[in-house]
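Engineer: Those protein sequence lines, which keep their order, are chains A and B. Numbering (the numbering used here) for the first sequence: 1 to 453. Numbering (the numbering used here) for the second sequence: 1001 to 1244. This is the structure, below, for whatever I ask next.
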Amino acid sequence: MNGELPITNDSMPHSAAALASPFVIGNSKLVIPPESRLGKAVHSLTGGLLRHWQNILTAFVQVWANKGRSVLTTLGIIIGVTSTITVVSMVQGFGNYVTDIIRGFGTNLIFVFPYSPEGFKDILLGRVTMDVDDVRAVGARCDKVRRISPIIFSQATIEFGRSKVSNVRIRGATEEFQSIRSFYVDKGRFFGPLEVDRGAYVCALGADMLRQLQCDERIVGEDIYISGQRFRVLGILEPKGKVMDDNPDEVVVLPYTTALKVWPEMRVFMPFMVEATGEKDAAECALQITRVLRERHNIPPGTISDFRVHTQDELLRDLERVKVAATSVLAGIVGISLIVGGIGVMNVMLVSVTERTREIGLRKSVGGRRRDIMAQFLTEAVVLAVVGGSIGVFLGYSICYVASLHPSMVKVNVPMWAVALGLTCSAGVGVLFGMIPAFKAAILHPIDALRHE
Amino acid sequence: MQTDNRKKLIELRNLRKIYRVGTELVHALRGVTLSIHENEFVAIMGPSGSGKSTLMNILGCLDVPTEGDYFLAGEDVAKLSQSGLARIRGRQIGFVFQNFELLPRMTALKNVQLPLMYSQLPKSKQRAIAALEMVGLADRAKHRPNQLSGGQRQRVAIARALAQQPAIILADEPTGNLDTKTGNEIMAVFDMLHGAGQTIIIVTHEPDIAMRCKRVVTLRDGLVSSDTVPSEGLESVESQRIAS
């Protein structure tokens, strides 16, 4: 037994050499002598990893030993991460849904509206104008315009037999409406260029109008009354489906010429829509339109245009802004709950340090340096916080899953970056709020710590 | 005693330690001069307040002296930084405490591996098993402290102290929490280690335990009051050593 273990410290290097670990590479054994620089590096690396691994294991043992306390402590983090995952996923889900719908219109779609920075006052006073000549000029002079149509916005009461529906959206356009909006007639036919030229009293109904007028597709060929004027129904538009509160199927489309007869005041307030020659040309097309209209409206350089050009890109960008705003409001809430969670972690770590003062003393007496103790307790705080974060991720996933079971819910998928963000934030909280308890543990005097009762 | 041809492991020169308690200064050590050689088996005795705990803390590098020199294996440890002291504690000193101080959630093996984790020595598991074998507890490696008897716990603690192959084993009342029979068993383990060449210092107030050591240093009022070899009566040997 005497010879088994060399006792004095001087024999250390020899015993280390005797115990040098063989590294197996392929079929050959490579023995790195521990005295060599490489050997030392390997040892310090593996030793370091081993130590971190030990810290993590110890931390998990501690967290597991105090399950109830750990969960309660990290409740703030759990709530924070759960709400991050849930709300981010929902915002993303709705955002993707709306984006898809906008994309469905075609990204080469451009809307042009009369606009005044002064607001509607100028519009009501007739100072802001845009008329059919503007529309024709744009159509003639912009080579990136594939199709163009005025679009008159109005509302009216519709009567059919005994049914009467008020506040129905009326759109006045040319025969190009179908192609520009990718919104086609399902039954019957759309009005043609001749009917537009003549200003014929004809219309196409949105799919939802059938239900509202309490009739079926046999209405095609019948007459309805729009604002008291008689119109022939030529066709029914395909159903597009609801976009949140907006129902594109609840609409009546007329030739814009006819619409101008019914609402003549729209003659000088005529928005229009344009289909650019391609998705990539949309921005160029918008520029051309701006140039032509500014020239026609005699707007001196440096002043604001009396119209607005909306590309789908811009709409998408607006949507993105809404998403960012929603996300930052959320970030505030999450930040607060993470701080609360962090204080919880700090509190329980301070308790843990006090409870384990003797352990700290012992660890110091067997060679643990301040930084080792610090690393141990910091690891524990991080593990605690990340365990909370993981529970939060799990709960967030569950909530999103349950929510997506609802039939009218949009498709929600949890983005990986939200998971990563949640876990990173909780780890960060662990580091930040674990610092004080870990430091308190690290600077304990070994003698006092060992005597602690 | 053929101490002259053996290497000096510990050399204390005029060691003083002054504590400040409130506004009062407490002179715990008033100039201790002491040498301990390789493979000595020393008991440090003394009534409470004699400074023996302070001396043990300084010997164990848990504390630094206010004044004086402390050479451990040729290294001046009185001036070391906190992390330097931690390194010495890890590599040169194996502590054995009165109440074992094993970590309850770890197995005996993990407890023995603890110092090796800090010193990052390779093959820590083999070393830990070898140390447990030395104290005859290799078959209990997977047991937790609460599954072991008091004597076994203390033997695990001794194995932990041995794992690093330290220069000295420093035991603070190692039998204080054990009955006489188990205490004797622990002393037998120390005897065996001493036989294997290990340097051992035991701090105790039990004369029975001290008599089993090869040299007894008694402290009184912060000074070495006697330095004897139990088998050879009360003859002082310290003065001869300093002269040599």
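For each residue, glycine too, the CB sits at the ideal point set by N, CA and C.
Verify whether the separation of the beta carbon atoms of residue 77/A and residue 345/A is less than 9 Å.
Structural biologist: yes
Engineer: Any contact between the region 1198–1205 of chain B and the region 1115–1135 of chain B? By contact I mean 3 or more CB pairs, one from each, below 8 Å.
Structural biologist: Because the criterion of three Cβ pairs below 8 Å is not met, the region 1198–1205 of chain B and the region 1115–1135 of chain B do not touch.
Engineer: Step through the CB atoms of chain B and report whether any lies within less than 9 Å of the CB of residue 25/A.
Structural biologist: In this prediction, residue 25/A has a pLDDT of 40, which is less than 50 and means its spatial position is unreliable; nothing more can be read from the coordinates.
Engineer: What is the DSSP secondary structure of residue 1033/B, counted as helix, strand or coil?
Structural biologist: In the three-state DSSP reduction, residue 1033/B falls in the strand class (E or B).
Engineer: First and last residue of the alpha helix (DSSP H) that includes residue 1110/B?
Structural biologist: For residue 1110/B, the enclosing alpha helix (DSSP H) starts and ends at 1108–1119.
Engineer: May I ask you to list, following chain order, the residues of the region 357–368 of chain A that have a beta carbon less than 9 Å from some beta carbon of chain B?
Structural biologist: Listed in sequence order: 358, 359, 361, 362, 363, 364, 365, 366, 367 and 368.
Engineer: Candidates 409/A, 362/A, 379/A and 410/A: which alpha carbon is nearest residue 445/A's?
Structural biologist: 362/A
Engineer: Quick one: what does DSSP say residue 28/A is sitting in, helix, strand or coil?
Structural biologist: Annotation note: pLDDT 44 at residue 28/A (below 50); position unreliable, coordinate value reported separately. Residue state, collapsed to three classes: strand.
Engineer: Excluding five sequence neighbours on each side, which residues of the same chain lie with their C-beta closer than 7 Å to the C-beta of residue 156/A?
Structural biologist: 168, 170, 226 and 227
Engineer: Could you say which of 287/A, 432/A and 317/A lies nearest to residue 309/A if we only look at CA atoms?
Structural biologist: 287/A
Engineer: Kindly indicate which residue of 453/A, 413/A, 434/A and 192/A has the alpha-carbon position closest to the one of residue 93/A.
Structural biologist: 413/A
Engineer: Output the distance between the C-alpha atoms of residue 82/A and residue 1097/B, rounded to the nearest integer angstrom.
Structural biologist: In a straight line, the C-alpha of residue 82/A is about 47 Å away from that of residue 1097/B.
Engineer: List, in chain order, every chain A residue whose beta-carbon is nearer than 9 Å to that of residue 1089/B.
Structural biologist: Residues of chain A passing the Cβ test: 364, 365, 366, 367, 368 and 446.
Engineer: If you check the beta carbons only, do residue 234/A and residue 172/A fall under 9 Å apart?
Structural biologist: Cβ atoms of residue 234/A and residue 172/A: not closer than 9 Å.
Engineer: Is residue 249/A buried or exposed, if buried means 16 or more other CB atoms sit within 10 Å of its CB?
Structural biologist: buried
Engineer: By how many angstroms is the C-alpha of residue 195/A removed from the C-alpha of residue 144/A?
Structural biologist: Going from the Cα of residue 144/A to the Cα of residue 195/A covers about 27 Å.
Engineer: Can you tell me the Cα-Cα spacing of residue 1204/B and residue 1220/B, whole angstroms?
Structural biologist: 14 Å
Engineer: Consider the Cβ of residue 70/A: report whether some Cβ of chain B lies at a distance smaller than 9 Å.
Structural biologist: no
Engineer: From what residue to what residue does the beta strand (DSSP E) around residue 155/A run?
Structural biologist: 152–160
Engineer: Answer yes or no: do residue 325/A and residue 88/A have a C-beta to C-beta separation smaller than 9 Å?
Structural biologist: no
Engineer: Apply the 10 Å Cβ neighbour rule to residue 1037/B and answer buried if 16 or more other Cβ atoms are within range, or exposed otherwise.
Structural biologist: buried
Engineer: If we define contact as Cβ-Cβ less than 9 Å, is residue 1014/B a contact residue for chain A?
Structural biologist: No - not a single Cβ of chain A is within 9 Å of the one on residue 1014/B.
Engineer: If I follow the unbroken alpha helix (DSSP H) through residue 400/A, where does it start and stop?
Structural biologist: Secondary structure note for residue 400/A: its alpha helix (DSSP H) is the uninterrupted segment 370–404.
Engineer: Give a yes or no on whether the C-beta atoms belonging to residue 1017/B and residue 1063/B are separated by under 9 Å.
Structural biologist: Yes. Within cutoff.
Engineer: Give the list of continuous beta strand (DSSP E) stretches no shorter than 3 residues that lie fully inside the region 183–265 of chain A.
Structural biologist: 185–188, 202–205, 223–226, 229–237 and 251–255
Engineer: Output yes if chain A places a C-beta closer than 9 Å to the C-beta of residue 1060/B; else output no.
Structural biologist: yes
Engineer: Mind listing the chain C neighbours of residue 329/A? Cutoff is C-beta to C-beta under 8 Å, in chain order.
Structural biologist: The structure shown contains no chain C; its protein chains are A and B.
Engineer: How far does the alpha helix (DSSP H) with residue 1141/B in it reach, from first residue to last?
Structural biologist: No alpha helix (DSSP H) contains residue 1141/B, which DSSP labels as neither H nor E.
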